[in-house]
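Note sheet for the following structure.
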Amino acid sequence: MKVLVVGGGGREHALCWKLAQSPLLTKLWCAPGNAGIGTVAECVAIGAEDVAGLVAFAKDNAVDLVVVGPEGPLCLGLADRLSEAGIKVFGPSQAAAELEGSKGFMKDIVWKAGIPTAWYGRFTDIDKAKAFVREKGAPIVVKTDGLAAGKGVVVAMTLDEALGAIDDMMGTKVFGDAGNELVIEEYLDGEEASFFALCDGKTALGLVAAQDHKRVGDGDTGPNTGGMGAYSPAPVVTPEREALVMETCILPAIRTMAAEGKPYTGVLFAGLMFTKNGPRLLEFNVRFGDPECQVLMARLKSDLLPVLLAAAEGRLDQVSLEWRDQCALVVVMAAAGYPGSYQKNTVIGGLDQAGAVDGVTVLHAGTAFNDQGQVVATGGRVLGVTAIGDTVKQARERAYKAVDALDWQQGFCRRDIAWRALARDGA
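The C-terminal residue of the sequence shown carries number 480 in the working numbering, and the numbering is unbroken.
The following block contains the structure:
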């Protein structure tokens, strides 16, 4: 099979790395890719949101399956255009991608499906939004309705913080048009985890859970980011809880989307909060998490390609998956200053030494080659140092050993990835 992966981040490197291992694969492209992806796939200079360019490339090269990594092109209708051209695609239609494209739409579907979630309100008027916050009090959560690269969420612990977030999002428009509408919802207390399921429009196949670390600093301090590290399995998501999440969150969503005439295919990412009253859905996303995808691919024993094809062809009921019992952990190396402003084009050394650590794969996110052929940092989140081990402690030790082998003065990482799991183990 000839496969095109769309995107150029750590998630896409993980997908390409795993797809490249498939005996069914004859050719693998990635658009636009990055310096690391170029070692396992042929990178194509087409932007992830250049829908017309991607469709033309897929047609010209007789691509058998397109795997869409990020949410942006899905919300722009890439899957629809590919399907119209007769090309199989793993990823939801534009209508179904609204589950991530509009937090308001997502909450309405979740409410309709009877999925346990936080109470909420939708607002296009700044004064009404503020009145709602004053009525409900803090802590409370303020979100942009539209896409904001994983950053349009403020967990406000005080009333002033919530009102300030409304001013920033809807008044100053720090996230642009994404803040034209806000979703304001109940603050849920508990332990967060990410759960993933593959969907084919009619049914769903559960994957495994992971736990992400959203805040930039150790001890979950500082501003939210796109994710500073993750690990899997997540001890908070027991097999019993996985079954409960499938029954109360994933399958009702699939049934409701089908009933709405927007059947969902691709991967459905459920952000969950495990409260004292049971699991509550925080949000749905329409793609693999980044950096959760890195640990999922490290743990997946099965060939990924036939499973993604089965989802695209509507026959997920014919496949099953096998997982490694081992733990996987990823430490994100980011550019100093992230998630604020940061320097670009700094040279990264020691990549071979880091990759030589037992059980480690260094996955690239924001990287490119400079004119001298050196790998340079081009984004905020730059590398995903991914390790597998018999225990979470061993995986973590391997990942940080690899981090310490890197020579990149302008990079930083959190040093406490998987602290909750280690605290459970007493390690």
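Cβ atoms here follow ideal geometry from the backbone N, Cα and C, with glycine treated the same way.
These numbers come from a predicted model, not from an experiment.
Determine, using beta carbons only, whether Thr197 and Phe228 come nearer to each other than 8 Å.
For the purposes of this step, residue 197 is identified with residue 144 of the sequence shown, where counting begins at 1. For the purposes of this step, residue 228 is identified with residue 175 of the sequence shown, where counting begins at 1. Contact flag set, yes.
From the DSSP output, which residues share a beta bridge with Pro85?
For the purposes of this step, residue 85 is identified with residue 32 of the sequence shown, where counting begins at 1. Bridge partners of Pro85: Gly60.
Let me know the secondary structure DSSP gives Pro276 once reduced to three states.
The sequence position of residue 276 within the sequence shown is 223, counting from 1. Pro276 falls in the strand class under three-state DSSP.
In whole angstroms, what separates the C-alpha of Val194 from that of Gln347?
By 1-based counting over the sequence shown, the position of residue 194 is 141. By 1-based counting over the sequence shown, the position of residue 347 is 294. Between Val194 and Gln347, the C-alpha separation is close to 28 Å.
To the nearest angstrom, how far is the alpha carbon of Thr301 from that of Ala84?
On the sequence shown, position 248 is the one that residue 301 refers to. On the sequence shown, position 31 is the one that residue 84 refers to. One C-alpha to the other measures close to 36 Å.
Would you kindly work out how many angstroms separate the C-alpha atoms of Gly298 and Leu107, rounded to a whole number?
On the sequence shown, position 245 is the one that residue 298 refers to. On the sequence shown, position 54 is the one that residue 107 refers to. A small fix is needed here, since residue 298 is Val in this sequence, not Gly. Approximately 35 Å between the Cα atoms of the pair.
With respect to the beta strand (DSSP E) encompassing Lys196, which residues constitute its N-terminal and C-terminal limits?
For the purposes of this step, residue 196 is taken as the residue at position 143 of the sequence shown. Lys196 -> beta strand (DSSP E) spans 193–197.
Tell me whether Met223 sits in a helix, a strand or coil according to DSSP, three-state version.
Here residue 223 refers to the residue found at position 170 when the sequence shown is read from its first residue. It is helical.
Report the rounded CA-to-CA distance for Val206 versus Ser247, giving the unit in angstroms.
Reading the sequence shown from its first residue, position 153 is the one you call residue 206. Reading the sequence shown from its first residue, position 194 is the one you call residue 247. C-alpha separation (whole angstroms): 16 Å.
Helix or strand or just coil, what does DSSP make of Pro292?
In the sequence shown, residue 292 corresponds to position 239, counting from 1. DSSP places Pro292 in helix when its eight states are reduced to three.
Nearest to Phe337 by alpha carbon, out of Asn277, Thr444, Pro145, Asp370?
Within the sequence shown, the letter at position 284 stands for residue 337. Among Asn277, Thr444, Pro145, Asp370, the Cα nearest to that of Phe337 is on Pro145.
Here's the rule I'm using: 16 or more other beta-carbon atoms within 10 Å means buried, otherwise exposed. How should Arg187 be labelled?
Along the sequence shown, one-based indexing puts residue 187 at 134. Exposed, because fewer than 16 other Cβ atoms sit within 10 Å of the Cβ of Arg187.
Tell me which same chain residues have a C-beta within less than 8 Å of the C-beta of Gln379, skipping the five on either side of it?
As a position in the sequence shown, residue 379 is number 326, starting the count at 1. Cβ within range, chain order: Arg352, Ile441, Gly442, Asp443, Ala448.
Just tell me which of Gly433, Leu57, Ala191 has its CA closest to the CA of Leu78.
For this step, residue 78 is matched to residue 25 along the sequence shown. Ranking the options by Cα distance to Leu78, first place goes to Leu57.
In chain order, what residues of the same chain lie with their CB nearer than 6 Å to the CB of Pro276, ignoring the 5 residues before and after it?
As a first step, residue 276 is located in the sequence shown; it is residue number 223 there, counting from the start. Cβ neighbours of Pro276 beyond the five flanking positions: Val269, Pro392.
Can the beta-carbon of Pro292 be found closer than 8 Å to that of Pro169?
The count along the sequence shown starts at 1 and reaches residue 292 at position 239. The count along the sequence shown starts at 1 and reaches residue 169 at position 116. No; because the gap between Cβ atoms is not below 8 Å, this pair is not in contact.
Is the stretch 457–469 touching the stretch 301–319, taking contact as three or more C-beta pairs under 8 Å?
The stretch 457–469 is not in contact with the stretch 301–319.
Name the one or two DSSP bridge partners that Met386 has.
As a first step, residue 386 is located in the sequence shown; it is residue number 333 there, counting from the start. According to DSSP, Met386 bridges with Leu436.
Could you check which residue in Asp221, Tyr317, Val384 has the C-alpha nearest to that of Asp271?
Indexing the sequence shown from 1 puts residue 271 at position 218. Per the Cα distances, Val384.
So for Asp484, helix, strand or coil by DSSP?
Since the first and last residues shown for the chain are 54 and 480, residue 484 lies out of range.
Since Ala407 contacts Leu459 with CB under 8 Å, what's their CB separation in whole angstroms?
Residue mapping note: residue 407 aligns to position 354 of the sequence shown, counting from 1. Residue mapping note: residue 459 aligns to position 406 of the sequence shown, counting from 1. At roughly 5 Å, the Cβ-Cβ gap stays under 8 Å, so Ala407 and Leu459 are in contact.
Kindly indicate the opening and closing residues of the alpha helix (DSSP H) around Leu107.
Within the sequence shown, the letter at position 54 stands for residue 107. Element bounds for Leu107: 104–113.
Please determine, among Gly432, Lys141, Glu244, Glu65, the residue with the shortest C-alpha to C-alpha distance to Gly342.
Within the sequence shown, numbered from 1, the residue matching residue 342 stands at position 289. When only C-alpha atoms are compared, the closest one is Glu65.
From the DSSP output, which residues share a beta bridge with Pro332?
Reading the sequence shown from its first residue, position 279 is the one you call residue 332. Partner(s): Phe327.
Please confirm if the stretch 210–220 is in contact with the stretch 147–165, defined as three or more CB-CB distances below 8 Å between the two stretches.
The stretch 210–220 is not in contact with the stretch 147–165.
Skipping 5 residues on each side, what residues in its chain have a beta carbon closer than 6 Å to that of Asn398?
Locating residue 398 in the sequence shown gives position 345, where the first residue counts as 1. Cβ neighbours of Asn398 beyond the five flanking positions: Val429.
What residue range is occupied by the uninterrupted alpha helix (DSSP H) comprising Arg187?
On the sequence shown, residue 187 is found 134 positions in, with the first residue counted as 1. Segment 179–189, the alpha helix (DSSP H) holding Arg187.
In angstroms with no decimal places, state the Cα-to-Cα distance between Ala323 and Gln425.
Working through the sequence shown from its first residue, we reach residue 323 at position 270. Working through the sequence shown from its first residue, we reach residue 425 at position 372. About 42 Å.
Could you say which of Arg473, Ala94, Glu238 lies nearest to Lys189 if we only look at CA atoms?
The residue you call residue 189 lines up with position 136 of the sequence shown. Closest by alpha carbon: Glu238.
Sorted by chain position, which residues of the same chain lie with C-beta nearer than 6 Å to Ala101's C-beta, five sequence neighbours on each side aside?
By 1-based counting over the sequence shown, the position of residue 101 is 48. Val59, Gly60, Pro123, Pro126, listed in sequence order.
Leu180: which of Asp411, Gly224, Arg434 sits nearest, CA to CA?
The count along the sequence shown starts at 1 and reaches residue 180 at position 127. Leu is not the amino acid found at residue 180; the sequence shown has Asp there. Closest by alpha carbon: Gly224.
Would you check if the distance between the CB atom of Val320 and the CB atom of Pro286 is smaller than 8 Å?
The residue labelled residue 320 in the question sits at position 267 within the sequence shown. The residue labelled residue 286 in the question sits at position 233 within the sequence shown. No, the Cβ-Cβ distance between Val320 and Pro286 is not below 8 Å.
For Ile237, which beta-bridge partners are listed by DSSP?
Within the sequence shown, the letter at position 184 stands for residue 237. In the DSSP output, where bridge partners are listed per residue, Ile237 has Gly174, Val195.
Hey, how far is the Cα of Thr211 from the Cα of Tyr317?
For the purposes of this step, residue 211 is identified with residue 158 of the sequence shown, where counting begins at 1. For the purposes of this step, residue 317 is identified with residue 264 of the sequence shown, where counting begins at 1. Roughly 37 Å between the two C-alpha positions.
Excluding the five sequence neighbours on either side, which residues of its own chain have a C-beta within less than 8 Å of the C-beta of Lys226, listed in chain order?
Walking along the sequence shown from the start, residue 226 turns up at place 173. Excluding sequence neighbours, Lys226 sits near Gly232.
Using only alpha-carbon positions, find the residue among Ala105, Lys112, Val119 that is nearest to Glu69.
As a working mapping, residue 69 is identified with position 16 in the sequence shown. Checking the sequence, you will find Cys at residue 69 rather than Glu. It is Val119.
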